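Have a look at the structure below before the remarks.
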Amino acid sequence: MRFWEYCLQTILFASLQKLGVYRVNYLQQPYLLQVKKHQQILWPQNSTAIYYRKQHQAHFLPVPVQIRSFVQDYLRSFSQFVNTLVADEDLTFGVITDTHIKFADSHSYYGFNGLQHVGEFLTLPNLINLDFVAHLGDIIDGSDDAVTDRQLLAQVSRYFSQQTGPYFITKGNHDDNDKYDEHTLSKKATFAAQTFADLIWQTMYQQRSVKKLSTNYGVSYFDKNNLRVVFINTTDVPYHLDAQGRKIYDSKLTLAVRNGQLKEIVQILQQSANKKIIVCGHGNLMTVKGHNGLQYNGKAVHDLFKAFNQGLSGSLQHQDKDNNFSLALDFDFTNNLSGQVVAYICGHRHVEDQFKIDGIQYILLNVSALMGKKHSLTTKYNRSWDRKKDEVSEFAGYVINLNQAGDSLKVFGYGAATPLRKFKI
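Count along the sequence shown starting at 1, add 5, and that's the number in this note's numbering.
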């Protein structure tokens, strides 16, 4: 495009004052132009370059999410370290969690940096022989308007789907946009029940390497020889609206697993005899003190894993005062002689932690999104890192390695993360 055409197009977009979304072409590519009160955003439909213009600006600027050279150099060094300690026959995968993407150019907290962290994380498969990559939820912070957050989710889906290897994404408690809803006068739901599934899981489930029983609950799994990784949905909350169109359940505060999802988990476990299994989700099922880590049924899921490890049969029966979270299902793991759920890996708490309950190793991963030292919501763990923009401490990510025998687990961390944690299974 010639310069005068670019200027003319920019002026044309800037002249649009009516709030809304328009289909346009920009730099000879299809975009959605979102006109907001104080800014305009150009959302790509095929590429990954986002542009925006604030009210006082004459021209559109690219959102600063390019892969940075110092990060490339750092991840190359990190990958060389990982490659010396893993083998091709092992199960090895990359994990990022809690990117909390916001449409803001923040230098001390959540913002564009979350999207940048995703792009940089996805360079790892070029450096390490990863079986797959995964995001464990809270892709977005859920505090932008519905159009913006839908487009951010779509952008992350595009990032993952455009890389060559398999990928998995779990749902976080902020991925339903509830933060934004609570700050509006009407408090009405701005995401539909299937918004996240349509934008994230629909594409994810099309991959041949992603195994599933259905597309109803966000449950999926991956196999490598006798090793299996299962992904579950800890934000399995019913979508019910009151007479005013407000959500009855606030998913940013309610983490749960319901009966339908548990039935699928039982089926997968019954087909997992003698496999070594890692389970991944967003929220921790149990606390370090052995209490329920979710609002509903975290301990029930843990007890199911414990029953699998012991080769038991029986039933899970629980009548909750809220029947949406009641349980009634049978299981039979008596054909399992040596299979074991060895670990549960999650994010959500914005800390690193590890503890073992009933022989199952719980591993908590740190938030990828920037948490500046002086921000009031920064956890004590991240405050100790003194995380800063454009430094290695800005981001965090992991590589998980389970050896072929399934008895030794390594967790490699980069950025604001422990470089290596080892667990004997």
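We treat Cβ as the ideally placed atom computed from N, Cα and C, and that holds for glycine. Here the structure is a predicted model, which is why all the values come from computation and not from measurement.
- Within the model, the alpha-carbon separation for V271 versus N221 is close to 15 Å.
- Put simply, of G377, L382 and K361 the residue whose alpha carbon is nearest the alpha carbon of W390 is G377.
- By the Cβ neighbour-count rule, D136 is buried, with 16 or more other Cβ atoms within 10 Å of its own.
- For V123, the CB contacts under 7 Å within the same chain, skipping 5 residues up- and downstream, are I101, T104, V161 and Y164 in chain order.
- The straight-line gap separating the alpha-carbon atoms of K281 and F227 is approximately 12 Å.
- Minimum Cα-Cα distance from L258 among the listed residues S111, L274, Y244 and T240 corresponds to T240.
- Assignment of G119 by DSSP, reduced to helix, strand and coil, places it in the helix class.
- Counting only runs of 3+ residues, the beta strand (DSSP E) found wholly inside the stretch 141-182 occupies 172-174, in chain order.
- Straight-line measurement puts the Cα of N297 at about 41 Å from the Cα of F75.
- Your pair F108 and D143 does not check out as a contact, with CB atoms roughly 16 Å apart and the cut at 8 Å.
- A distance below 7 Å between beta-carbons, with the five flanking residues on each side excluded, links L90 to the following residues of its chain, in chain order: K415.
- When rounded, the separation of the alpha-carbon atoms in Q85 and N408 is 18 Å.
- By the CB criterion at 7 Å, P69 and F117 fall inside the cutoff.
- If you check the CB distance, K184 and N238 do not come in under 7 Å.
- A contact is defined here as three or more CB-CB pairs under 8 Å, and the stretch 310-317 fails this definition with respect to the stretch 369-387.
- Sorting T169, T200, P35 and R233 by C-alpha distance to the C-alpha of N406 places R233 at the top.
- A distance below 7 Å separates the beta carbons of N134 and D93.
- If you look at L38, you'll find it isn't in any alpha helix (DSSP H); it sits in the beta strand (DSSP E) that goes Q34 to V40.
- Each of K229, N231, N230 and L204 was checked against the Cα of G223, and the nearest Cα belongs to L204.
- Under a 10 Å Cβ-count criterion, P424 is classified as exposed, with fewer than 16 other Cβ atoms of the shown protein chains found around its own Cβ.
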